[in-house]
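**Q**
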Amino acid sequence: MTIETGRPNSFKEEEESLVVNEAIPSVARSIADLASSRTGLLTRPWTADEHTVAQRIADAIPGEARLITDSVGRTQGWALLYAEREVAPGELRAELVVDSGAEPQLVADAVEDLIRRATQHTPGTRSDSLLLIIDEHNRQLESTLRNAGFEPERRFAVEHRRIEENASHLQEEISSSANRGGLDVLDWNQVVRRGRSNEVRQLQHLTFREHWGNLSKTESEWQHYLNSSEFAPEFSGAAVDRFSGEVVGYVLGSRSRSATSAGEEVTAHTEYIGVSPSHRRRGVAATLLKYVWAAALDAGLFTASLGVDVKNESNARHLYESLGYHTVGYHVAYRLSNFGLHLEARTSN
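Here UniProt numbering is used: position 171 in the sequence shown is 171, and no number is missing along the way.
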């Protein structure tokens, strides 16, 4: 894998405290090490292995993946800038992670540099926006974003559930609830063998088009996602109505790795879960989540995780709480609108 590289860059002159180097494949390990070893750096699910990090770098705009290091060369975070999506023209998305203990000036310079770089990839119109999601516990980064003109737009809860049931009991529950709902639950191998993958994509596109941020996937995005290291087929599946043969629900998962005070924690993470409008409130989502728990036990994992919009109109959070999930953290989506004009105004003052 290659990535565009360039001369080491800096926000200020060399004597200033911040130096930002463009991230190249060899530093994917630096990012992975930071994410997996720095307790409290991330509360949201994030897969911290070198291969996945390298893939995230490759997905960024060429040359727009950076390590954030302090004056003595210690890695304090990273910044990745992604191109606009077909379903969200004019919107750039970024991933900005900075240690909560970093110097305030380093954080401020990192934010300003991200805005400056974003302006190079848009026409600078009033329809442009820059969106990023950060962990709520990082108060310094939140304050810096607000000072730079970003506004909070959405809040998400990170939910965990300890899987205490035994595997055979879970399988009985899954079979029972599937029978009550007239469902067949397919694992991902069955989805692929029976040629149902595109139907799952269409349902994902439908259900997530309704959500904030339009996380629905186009055909090309779908194939890229399935081929990425972030997709875990063992925690993915579909629910099919036995009478109509229609795919009425799906779950798509990943393995989340993060650092805790007790060491690395790996969870069976649900990235996407959705149910056809015609089959909601019929136990489909609960059945699919139990399927994930059973798959997690088979994989030797004992914690399931997911993220949920606290303003989710389908009251999904109530369902998760009723199934035993509890909140372990929050993250917040921040948006800077008209960022090209915003930066021009700031630099002219």
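Glycine included, every Cβ here is placed at the ideal spot set by N, Cα and C.
#1: Less than 8 Å between C-beta atoms, sequence neighbours within five positions excluded: which residues of the same chain meet that for S254?
#2: Taking buried to mean at least 16 other C-beta atoms within 10 Å of its own C-beta, is E95 buried or exposed?
#3: Roughly how many whole angstroms lie between the Cα atoms of T122 and R242?
#4: How close, in whole Å, do the beta carbons of A102 and G77 come, if the pair is a contact with beta carbons under 8 Å?
#5: Nearest-angstrom Cα distance between L203 and N338?
#6: Should G249 be labelled buried (16 or more other beta-carbon atoms within 10 Å of its own) or exposed?
#7: Quick check on the DSSP output: the alpha helix (DSSP H) that includes A286 runs from which residue to which?
#8: May I ask which residues mark the beginning and end of the beta strand (DSSP E) holding L92?
#9: Nearest-angstrom Cα distance between A23 and A178?
#10: Please list, in chain order, all residues of the same chain as Y325 whose beta carbon is under 6 Å from its beta carbon, the five residues on each side excluded.
#11: If you draw a straight line from the alpha carbon of V275 to that of T207, how long is it in whole angstroms?
#12: For S30 and S322, I'd like the C-alpha separation in whole angstroms.
#13: Quick one: what does DSSP say P104 is sitting in, helix, strand or coil?
#14: Just checking, does the segment 104 to 121 make contact with the segment 296 to 307 on the three C-beta pairs under 8 Å criterion?
#15: Does the beta-carbon of E64 have 16 or more other beta-carbons within 10 angstroms, so that it is buried, or is it exposed?
#16: Is the CB-CB distance between L336 and A148 below 8 Å?
#17: What residue from V53, Q223, G182 has the CA that sits closest to N198's CA?
#18: Indicate whether R257 and D99 have their beta-carbon atoms separated by less than 8 Å.
#19: Report the rounded CA-to-CA distance for V200 versus D70, giving the unit in angstroms.
#20: Please classify G237: is it buried, with 16 or more other beta-carbons within 10 angstroms of its beta-carbon, or exposed?
#21: Please give the ranges of any alpha helix (DSSP H) in the segment 106 to 190, keeping only runs that are unbroken, at least 4 residues long and fully inside the region.
#22: Going by DSSP in three states, T52 sits in which element: helix, strand or coil?
#23: Specify, as a first and last residue, the run of the alpha helix (DSSP H) that F208 falls within.
#24: Going straight from the alpha carbon of L215 to that of V191, what length do you get?
#25: Does the beta-carbon of R209 have 16 or more other beta-carbons within 10 angstroms, so that it is buried, or is it exposed?
#26: Pick out whichever of L297, D187, R281 has its Cα sitting closest to the Cα of L319.
#27: Does S129 pass the burial test, meaning 16 or more other C-beta atoms within 10 Å, or should it be called exposed?
#28: Check for me: the alpha helix (DSSP H) holding T236 runs from which residue to which?
#29: Buried or exposed: where does V310 fall if 16 or more other Cβ atoms within 10 Å of its Cβ makes it buried?
#30: Buried or exposed for G245, please, with buried defined as at least 16 other CB atoms from any protein chain shown within 10 angstroms of its CB.
#31: Helix, strand or coil: how does DSSP classify R85 here?
#32: Using alpha carbons as the reference points, say which of S175, I134, P89, S176 lies closest to Y330.
#33: Is any heavy atom in the ligand GTP found nearer than 7 Å to the beta carbon of E199?
#34: Note the first and the last residue of the continuous beta strand (DSSP E) segment covering A60.
**A** To lay it out plainly:
#1: P45, T47, E230, F231, A232, F235, H269, E271
#2: So E95 ends up on the buried side.
#3: When rounded, the distance between both Cα atoms is 48 Å.
#4: 7 Å
#5: Using only the alpha carbons, I get a separation of about 33 Å.
#6: Result: buried.
#7: 284 to 298
#8: 91 to 98
#9: For A23, the pLDDT reaches just 44, beneath the cut-off of 50, and the residue's location in the model is therefore unreliable, although a value from the coordinates is still provided. Distance between the alpha carbons of A23 and A178: 47 Å.
#10: So the qualifying residues of the chain are E159, R161.
#11: For V275 and T207, the distance between alpha carbons rounds to 7 Å.
#12: 39 Å
#13: Collapsing the DSSP output to three states places P104 in a helix.
#14: Contact fails: fewer than three Cβ-Cβ distances are below 8 Å.
#15: buried
#16: Yes, Cβ-Cβ distance for L336 and A148 is below 8 Å.
#17: Distances from the alpha-carbon of N198 to those of V53, Q223, G182 put Q223 closest.
#18: no
#19: 45 Å
#20: Here G237 is buried. Its C-beta has 16 or more other C-beta atoms within 10 Å.
#21: 139 to 147, 167 to 181
#22: helix
#23: 197 to 209
#24: 22 Å
#25: The Cβ neighbour count for R209, taken over all protein chains shown within 10 Å, is under 16; the residue is labelled exposed.
#26: R281
#27: Flag for S129 reads buried.
#28: Sequence inspection shows Ser at residue 236; the Thr mentioned does not correspond to that position. Per DSSP, S236 belongs to no alpha helix (DSSP H); it is in the beta strand (DSSP E), 232 to 241.
#29: exposed
#30: G245 is exposed by the Cβ-count criterion.
#31: strand
#32: I134
#33: Judged by which ligands are present, the structure shown has none, so any question about the ligand GTP falls away.
#34: Here A60 belongs to no beta strand (DSSP E), and DSSP marks it neither H nor E.
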